[in-house]
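Only one structure is covered here, and it is reproduced in the block below.
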Amino acid sequence: MDREVLLKIEGLRIEGRSGDGWTEIVKGIDLTLHRGEVLGLIGESGAGKSTVGLAAMGFARDGCRITGGTIAFDGTDLRQIPEPARRALRGKRIAYVAQSAAASFNPAHRLIDQYCEAPVVHGVMDRARAETDAIELYTRMQLPGPGDIGFRYPHQVSGGQLQRAMTAMAMACRPDLIIFDEPTTALDVTTQIEVLAAIRDIVRQFNTAAIYITHDLAVVAQAADRIKVLLRGQEVEEADTRAMLDAPREAYTKSLWAVRSFARPEQPPATGTPVLSVQGVTAAYGKTRVLDDVSFDIHAGRTVAVVGESGSGKSTTARVITGLLPPVSGKVVFQGAPLPPALKSRSRDQLRQVQMIYQMADTALNPKLRLRELIGRPAQMYLGLQGRALETRIRDLLDLIELDPDTYIDRLPGELSGGQKQRIGIARALAAEPQLIICDEVTSALDQIVQEGILKLLTRLQGEFGLAYMFITHDLATVRAIADEVVVMQRGRVIEQGPKAAMFTPPHEPYTELLLSSVPEMDPDWLTRLLDRRAAGH
Amino acid sequence: MDGLTQTRSGPRRTATGGRTPWEDIVLSNVLRIILVRVALGIGLLFIVSLVIFWATELLPGDLATQLLGQSATPETVAALRDQLGLNDPAPVRYWMWLSGAVTGDFGVSMANGRPIAEMIGARLGNTVFLALYAAALSVPISLVLGILAALWRNSVFDRMANAGALTAISFPEFFVAYILVLWLAQTGLFPSMVRINPTTDLGDRLYMTFLPALTLTLVVTAHMMRMTRAAIINLMASPYIEMARLKGLSPLRIVLRHALPNALAPIINVIALNLAYLITGVVVVEVVFVYPGLGQLMVDAVSNRDIAVVQAVALIFAAAYVSLNLIADVLSTITNPRLMHQR
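Chains A and B are the protein sequences, given in the same order.
Anchor point for the first sequence: position 154 equals 154 in this note's numbering, and the numbering is continuous, going up by one each time.
Offset between the second sequence (1-based) and this note's numbering: plus 1000.
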């Protein structure tokens, strides 16, 4: 490639504060980016992807410091120039698109005010021109009502639209380089495609160079010219996207590629009385109807995956089953006997039978309690275990989730990794010895390798205890890995349900087809082909 | 762009600046919130009035005996009790009192027979004047200091501002007051006693009341400054602040434009609490500077067992607290786009 080098990072070292001292989190990274080129930066969390991305702007988060190397942007070492000079580059020549647009837009200002800020402050254009320009970019990003959407506040706009508005905002000064930090990770599969396509197109239109940070290989394959794999602050390998996908050289890269090969063996169709039967449930928040005549069964030892995008009523169904939201009509039948609709009229034993594991293990565990108490409390409350029996039970549970009791029993949640916290969530649910566990997006916040470990654990526990799982997810790869039956939901209704094999074999309902086709594949041409096909279909 | 105007929907700015139906909805929404709060405030004041009445009932001693002295005959005491209405049952007296109070008629002083409204009137004006004076000094000072301390956090300035504010709040008010008298009054710069009457002009008033206002400023600034600082710093780790930094904005702009608007609710509430304190909690300062305010009146009334005056002043204090907090609530709502602009 003989194009002009835009960014050249050499020997980058970054330290992060840990306790009293500093730990190196980026250990000598080299990176070269040409004008108009898109580099994918992938790795699991803690690999240092975002830290490297921010360093490309000469920026280190609070608690981090750049300790070595050069960051040459268009010939200028960002480490050698004073802060005001770096500030003059940021937003103007190097822009940033954050993972969660919902959190990264200031809730106090309208979108267009935030758009106009950088161009006006950097003296690129005046306010009136910036507004006109914003509307043009909103149009290019295919935002609905581009003339108006800027005059809304962030909370009035959906997540996918915010992410596009943020990409437009990053484009405001027509920068030479944009850092995309997991821009589609927080989105539904169907929304992800739209945002991904919009990002790819606008970067091409303006010939902007980009660093695209993600942990999702299939996503990066659609957007990047080259891919660099990071592991614990070090480079594993770098290659052109096609070469990397076809023939990863390093073992670690191969393991990333292979992670989704996990699949539970097929089970014969279940018979007999289902553990749980949701029968014609209709539910509403106030006057807004959120569930409409939802019915499905879950049998012992089986996993029913409930899929759909956000707002489709998956989690609301869980709230009805657990009694948090009494339905307007319909009933929830547990082992042949109807459960009282409201939580407070259920007996302790009925409560014990249905347990939940949550998406954000971080917030679902009380940070002030030690694992002994977190896991022990349900065993004490539901089963009346005390003293030595309780201690033995807690230790058994820790063994079950593959954490060494002697090491972990007195730890606080803050001293665990994300995957370990989710294991504690599982142990806490198991402690009640339930028949049914509702898993609400339990793997969505985790890296792929960690996800696989959790899925394997859940599968093993199901085999040992004959547990029934209701698995709420928007990730079809997870469904493919562990479900026996699938329930597809959209706008509070069940669109389609049946055994997994049937669901993944055509013909599909149109919505199921849309969901299935939206799952990115490890093929750089997948997005282009899909969009062409959809354009032809409409 | 003509094609786009066809697809416009939802909120928009009209070229004429006229109000869209959507903005009407927002306004009616805010109006509803305000009306509910006002109703709650009135209900609260009603309960407070009950508590005040009940509490003054508990005060020991008998006003009639107090007024007539130990040597009075039981007949004269009984006659006076009758005349003062002390023999009526409590609910009747409460009703008489409350119905008068809502029309501004607090009855007559039991001690000297003057109308209470008249006794309170001038003093209430003085108290409000002093409170506003102190607020006009302390609110801008604490906001500026708080914002600068947040901007330069952990710097020498931040530490000095914090230490100074904490020192000022740690000393008792009378101590601060006497120190100021020592420094600023003994040297002849400002008067140590406030001699004002309704005819004093504004300039003289501001000059005369400078020391009490400064004392109060020193007492309340720390609280407001530290809340401003904490509320802003609390937000500095937010993703949208990081976004602002990555847009290349200056630190001052980030604090003023990105952090402060989101920190307003707690700051407004602390300011309201301190303003309420400036109206109701200034007895000591009034005594030190011989300032003719409500606090002194209340203290005198308690020692004279002039229950009617105590009740009236207590009710005014309660009303000040409730209405200031009400204003704070409404302002917090108005400054929060998530409440102002529904989805």
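Note that beta-carbon positions come from the ideal geometry of N, C-alpha and C, so glycine has one too.
Taking each of R13/A, A535/A, I449/A and G28/A in turn and checking the Cα distance to S255/A, the smallest one comes out for I449/A. Assignment of W1152/B by DSSP, reduced to helix, strand and coil, places it in the coil class. The beta carbons of A223/A and V38/A sit about 6 Å from each other, so the pair counts as a contact at 8 Å. Taking 8 Å as the cut-off, the Cβ atoms of H474/A and V219/A do not count as close.
Contact of Q156/A with chain B is assigned, a C-beta pair being separated by under 8 Å.
Taking 8 Å as the cut-off, the Cβ atoms of L196/A and G160/A do not count as close. Excluding residues up to 5 positions away in sequence, S1192 lie with their Cβ nearer than 6 Å to the Cβ of A1185/B in the same chain. For the set K344/A, V290/A, V229/A and Q350/A, the Cα lying nearest the Cα of S329/A is the one of V290/A.
When secondary structure is reduced to three states using DSSP, P1140/B falls in the helix class.
For G1121/B, the nearest beta carbon of chain A is not closer than 8 Å to its own beta carbon. If you check each beta-carbon in the segment 1259–1280 of chain B against every beta-carbon of chain A, the ones closer than 8 Å belong to P1261 and N1262. For the options I1052/B, V1255/B, P1212/B and A1259/B, the alpha carbon positioned closest to that of Y1291/B is the one of P1212/B.
Under a criterion of Cβ atoms nearer than 8 Å, the residues of chain B adjacent to R87/A are, in order, G1248, L1249 and S1250.
Shown here for N1274/B: same chain residues with a beta carbon closer than 7 Å to its own, the five before and five after excluded, namely V1220, H1223 and M1224 in chain order. In the structure shown, C116/A adopts helical secondary structure according to DSSP, grouped into three states. Chain B has no Cβ within less than 8 Å of the Cβ of N366/A. Between V281/A and P327/A a beta carbon distance of about 5 Å is seen, short of the 8 Å cut, so the two are scored as contacting. Per the DSSP secondary-structure output, I1196/B pairs with nothing in a beta bridge. Below the 8 Å Cβ cutoff, chain A contributes P107, Y153 and H155 as neighbours of R1338/B, in chain order. Residue pairing by DSSP puts F73/A in a beta bridge opposite L7/A and T76/A. Residue state for K287/A is assigned as coil, using DSSP reduced to three classes. Residue nearest to E44/A within the set A305/A, D216/A and T273/A is D216/A (criterion: CA-CA distance). When DSSP reads this structure, F334/A sits in a beta bridge with L276/A and A337/A. For the set A98/A, T316/A and P269/A, the Cα lying nearest the Cα of D297/A is the one of P269/A. DSSP, reduced to helix, strand and coil, places E238/A within a strand of the structure shown.
Annotation: Cβ neighbours of H1341/B in chain A (cutoff 7 Å, chain order): Y153 and Q156. By the Cβ criterion, the segment 200–212 of chain A is in contact with the segment 178–187 of chain A, since at least three pairs of Cβ atoms, one from each stretch, lie closer than 8 Å. In this structure, DSSP gives Q490/A an extended state, which the three-state scheme calls strand. Taking 8 Å as the threshold, the shortest C-beta distance from F59/A to chain B falls below it.
Taking a Cβ-Cβ cut-off of 8 Å, the neighbours of M1243/B in chain A comprise Y96, A98, S104, F105 and N106, given in sequence order. The criterion of a C-beta distance shorter than 8 Å is not satisfied by A1231/B and A1272/B. Secondary structure in the segment 474–525 of chain A: the beta strand (DSSP E) runs of 3 residues or longer, each lying completely within the stretch, are 485–490 and 493–499 in chain order. In this structure L514/A does not touch T317/A by the C-beta definition: roughly 21 Å separates them, more than the 8 Å allowed. Bounds of the beta strand (DSSP E) holding H34/A are G21 to H34. Residue-level contact by beta carbon fails for P1212/B and chain A, as no gap is shorter than 8 Å. Shown here for A95/A: same chain residues with a beta carbon closer than 6 Å to its own, the five before and five after excluded, namely A170, P175 and I178 in chain order.
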